[in-house]
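S.K.:
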Amino acid sequence: MKSWWSYVKQFFRSLFTCCTTGTNYSYGLDAYSIISADQDLQKRVNSLLISTLEATKGKNRSKAVTKISPWRLTTTAIESLIFDGLVPDVFPRIFSNLDFRALQASCCVSKTCHKLASDQNEQTRQKAEGIAFGKAEWKAMGLNMGDEPLIPSSLVNGLEWRDPVDPTQTVGDTHMLVLVPAGLTLKSLGVLVKSRFPGSEATGYRYIQDRILNQLSTPNERSYWVLMKKDVIPGSKRKLWGTGRDGRNLC
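With positions in the sequence shown counted from 1, the corresponding number in our numbering is that position plus 2.
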């Protein structure tokens, strides 16, 4: 079992990386990306870290901001000067883009962080309700997986955009959110499909080449969400991949 302090370290390494080593520890658009792109937010975070170190008489308080080690702070300093120091309208901007591991760590650090992370996750789930194929749906198909990662807010927010193929509809009308479980491959997906539909082909697919099954046989290391169309692009059936609207092959 992890100690509380290990969660503090993990959380700060993801959330305040721009104030320490400058290394991105998370996947995709995360706290580092959000903070580093907002100069005002950078200044506020830096100021809070410096004031916290001075308040706790940290040994590194006289060093440059890039040398600060925020995970050396005390529990009281973290709670009062950092979590409650960043106003509610700033924290949601960060939490909405953290990856699953960072959010897990943040929930174990303080009640303030736990509430903010939980609220953000609930808002995301409500927006994606009815168009997400997640852990529960996979279980109904006979596949039991581990923890379900949070749906990235960037994907959920994109559901309101106009579909680039059919501007008369939104992305939410033409697409669905699908959870790709860790360890899943085209072959194992075919086996799962065949178990549900006994009359299907040996591979579970009607049309698929062996070289494609073999080429895409490496299982993914972690579960992740993707946004995919509910049906093929209108007018694309029985056409070469990459064929443009004018009929020319773009491959």
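Quick reminder that beta carbons are idealized off the backbone N, C-alpha and C, glycines included.
Comparing the CB of alanine 142 with every heavy atom of the ligand ATP, is any distance shorter than 7 Å?
M.R.: No copy of the ligand ATP occurs in the structure displayed, which carries no ligand at all.
S.K.: Rounded to a whole number of angstroms, what is the C-alpha to C-alpha distance between leucine 194 and lysine 231?
M.R.: Here residue 194 corresponds to residue number 192 of the sequence shown, with the count starting at 1. Here residue 231 corresponds to residue number 229 of the sequence shown, with the count starting at 1. Computed Cα separation, rounded: 21 Å.
S.K.: Pick helix, strand or coil for arginine 127, following the three-state DSSP scheme.
M.R.: The residue given as residue 127 occupies position 125 in the sequence shown. Helix at arginine 127.
S.K.: Which of helix, strand or coil does DSSP assign to glycine 24?
M.R.: Counting from 1 along the sequence shown, the entry for residue 24 is found at position 22. With a pLDDT of 35 at glycine 24, under the threshold of 50, the modelled position of this residue cannot be trusted; read the value that follows with caution. Looking at glycine 24 - three-state DSSP - the assignment turns out to be coil, as it is neither helix nor strand.
S.K.: If distances are taken between C-alpha atoms only, which option among Val228, Val234, Pro183 comes closest to aspartate 149?
M.R.: By 1-based counting over the sequence shown, the position of residue 149 is 147. Distance from the Cα of aspartate 149 is smallest, within the candidate group Val228, Val234, Pro183, for Pro183.
S.K.: Run through the DSSP bridge pairs and tell me what serine 134 is partnered with.
M.R.: In the sequence shown, the residue the question calls residue 134 occupies position 132. Before going further, note that residue 134 is alanine rather than serine in the sequence given. Beta-bridge partners of alanine 134 (DSSP): Leu179.
S.K.: CB asparagine 222 to CB leucine 181, shorter than 8 Å?
M.R.: To locate residue 222, count along the sequence shown from 1; it is residue 220. To locate residue 181, count along the sequence shown from 1; it is residue 179. Cβ distance not < 8 Å, so asparagine 222 and leucine 181 don't count as in contact.
S.K.: Using a Cβ distance threshold of 8 Å, determine whether the segment 198-209 contacts the segment 151-159, with at least three qualifying pairs required.
M.R.: no
S.K.: What does the Cβ neighbour count give for glycine 132, buried or exposed, with the cut at 16 atoms within 10 Å?
M.R.: As a position in the sequence shown, residue 132 is number 130, starting the count at 1. Exposed is the call here.
S.K.: Could you name the residues of the same chain whose beta carbon sits closer than 7 Å to that of valine 228, not counting the 5 residues immediately before and after it, in chain order?
M.R.: The sequence position of residue 228 within the sequence shown is 226, counting from 1. Excluding positions up to five away in sequence, the list reads Val180, Val182.
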